[in-house]
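Okay, so here's the structure we're looking at.
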């Protein structure tokens with residue numbers, strides 16, 4: 058046997074093997090890849106769907122993917138409309154943040170606060186008007202080419218007589234029991250979803266088990282298109298995706314004695330375009346990449362924040378235990394000194410970040426102010442909003458740190474921690490962390506379920 062035969066999972070398919078994937082294989086799209094069609098513009102949607110329609114004979118949808126698609130499509134459609142109100146709300150937040158900063162310098166000898174406030178009002182009024190205009194245009198688009206019901210039925214028609222039967226309740230229970238062991242041992246896929254709170258932590262594993270069952274029955278190669286970029290699907294080295302997890306390729310081969318190959322939506326569309334000879338514009342390819350990148354950025358930020366909150370909650374619970382009334386005052390004092398040092402470093406970092414965001418915000422606002430009123434650039438508007446939101450979040454965190462510093466310094470000066478007050482403080486912190494953790498988990502579940 059050759060190296061490629063023994064270690065096939067570490068080699069990308071090529072030549073006859075790659076041709077067989079496209080000519081004989083079954084094409085499976087995951088839930089988010091299908092939901093993205095409600096996020097694309099009409100031209101991109103139509104070109105991508107035309108490619109899939111030409112490959113209809115090869116398509117197959119797992120029962121779990123179909124179920125998730127049906128459950129989430131209305132939410133995705135609603136989110137596209139809600140984007141405008143959320144942008145307007147963030148604009149108000151940004152405006153209030155700037156006004157609050159101006160009020161801090163109301164006695165400044167050279168700063169004309171009234172003049173700046175008037176200019177600020179004009180700027181945000183123009184910006185809000187552009188958001189309103191685009192919201193109105195979106196409503197017209199929904200009523201025409203962007204009608205989500207047309208997209209829904211067009212996707213549904215792709216899978217006539219090509220839907221998986223799913224599993225019985227007993228089979229699902231067995232899969233979940235198996236999943237507990239797999240997740241503990243970091244066996245892909247799905248273990249990165251172990252902390253989901255919406256009851257769908259085994260969704261990816263159920264999809265995978267359906268694919269394995271299909272392979273065992275049909276003995277055909279499979280192309281799996283997924284918009285999930287996490288490490289429980291992909292082999293990632295130093296931040297770069299190298300290919301599918303070798304364990305997945307080997308497990309499918311053990312079931313089907315055939316190859317499975319994973320594509321991200323953009324790479325799939327590029328290859329499918331060449332195979333089908335159906336026209337797909339560069340603009341459509343760019344949009345597919347941008348939508349997937351946007352989804353992944355949001356997932357990555359939420360994942361990182363959730364992990365931070367989990368660790369922070371554990372640390373705060375340990376602090377709470379140490380500050381019980383039977384704790385040792387000297388240890389409490391040492392803890393306060395240690396926390397004050399960490400707090401000081403965080404304040405320095407955030408203050409530097411705030412200055413960078415402030416400069417970036419001014420630059421972006423000036424660009425918006427200079428453009429022609431009829432000019433509409435959603436990406437630029439999003440940059441402005443995101444920058445002000447990020448700066449407002451940094452300033453809020455700095456304010457919290459300042460209050461905490463005051464509390465710590467007062468406690469250190471007193472040299473005698475008040476046990477009941479400290480206990481109450483840590484309990485409030487734990488509750489606040491748990492509330493944010495709940496909100497972050499819900500947002501992540503909505504994005505990934």
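Residue numbers (the numbering used here): 58 to 506. From the three backbone atoms N, C-alpha and C, an ideal C-beta is built for every residue, glycine too.
For residue 233, no beta strand (DSSP E) segment is defined; the enclosing uninterrupted segment is the alpha helix (DSSP H) at 226-241. Per DSSP, the continuous beta strand (DSSP E) segment holding residue 297 begins and ends at 297-301.
Residues of the same chain with a CB within less than 7 angstroms of the CB of residue 159, apart from the 5 flanking positions on each side, are 170, 173, 174 in chain order.
Counting only residues of its own chain and dropping the five nearest sequence neighbours on each side, residue 411 has a CB closer than 8 angstroms to the CB of 448, 451, 452, 455. Residue 487 places its beta carbon 8 angstroms or farther from that of residue 362. Three or more beta-carbon pairs separated by less than 8 angstroms link the stretch 179-191 to the stretch 146-160, which places the two stretches in contact. Per DSSP, reduced to three states, the secondary structure at residue 144 is helical. The beta carbon of residue 307 is closer than 6 angstroms to those of 66 in its chain, skipping five residues each way along the sequence. A check of alpha carbon separations from residue 437 across 262, 421, 134 identifies 421 as the nearest. Looking only at 261, 73, 164, the smallest Cα-Cα distance to residue 229 is reached by 261.
Residues of the same chain with a CB within less than 8 angstroms of the CB of residue 465, apart from the 5 flanking positions on each side, are 393, 396, 397, 400 in chain order. Straight-line measurement puts the Cα of residue 140 at about 23 angstroms from the Cα of residue 419.
Note on geometry: alpha-carbon atoms of residue 99 and residue 376 lie some 54 angstroms from one another.
The three-state secondary structure of residue 358, taken from DSSP, is helix. In this structure, residue 318 and residue 70 form a Cβ contact; the two beta carbons are roughly 5 angstroms apart against a cut-off of 8 angstroms. The Cβ neighbour count for residue 225, taken over all protein chains shown within 10 Å, is under 16; the residue is labelled exposed. Note on residue 93: 16 or more other CB atoms within 10 angstroms of its CB, so buried under the neighbour-count rule. Boundaries around residue 85 are those of the beta strand (DSSP E), 83-86, since no alpha helix (DSSP H) includes it. Straight across, the Cα-Cα distance linking residue 332 with residue 75 is about 11 angstroms.
In the three-state scheme derived from DSSP, where H, G and I count as helix and E and B as strand, residue 328 is classed as helix. Residue 358 is classed as exposed because its beta carbon has fewer than 16 other beta carbons within 10 Å across all chains shown. Straight-line spacing of the CA atoms in residue 215 and residue 414 works out to 46 angstroms. For the pair residue 87 and residue 289, the CB atoms are not nearer than the 8 angstroms cut-off. In chain order, 490 place their CB closer than 6 angstroms to the CB of residue 369, counting only its own chain and leaving out the 5 sequence neighbours on each side. DSSP places residue 67 within a helical segment (H, G or I) once states are collapsed to three. Residue 193 and residue 187 have their C-alpha atoms roughly 10 angstroms apart. Assignment of residue 484 by DSSP, reduced to helix, strand and coil, places it in the helix class. Residue burial annotation: residue 89 is buried, with at least 16 other C-beta atoms found within 10 angstroms of its C-beta. DSSP, read as helix, strand or coil, puts residue 168 in coil.
Following the DSSP letters along the chain, one finds residue 292 inside the beta strand (DSSP E) bounded by residues 291-294. Distance check between residue 326 and each of 315, 311, 344, 314 places 344 closest, using alpha-carbon atoms only. Check the Cα spacing between residue 239 and each of 223, 266, 220: the tightest is with 266. Residue pairing for residue 320: DSSP places it in a beta bridge opposite 282. A direct Cα-Cα distance of roughly 8 angstroms separates residue 130 from residue 95.
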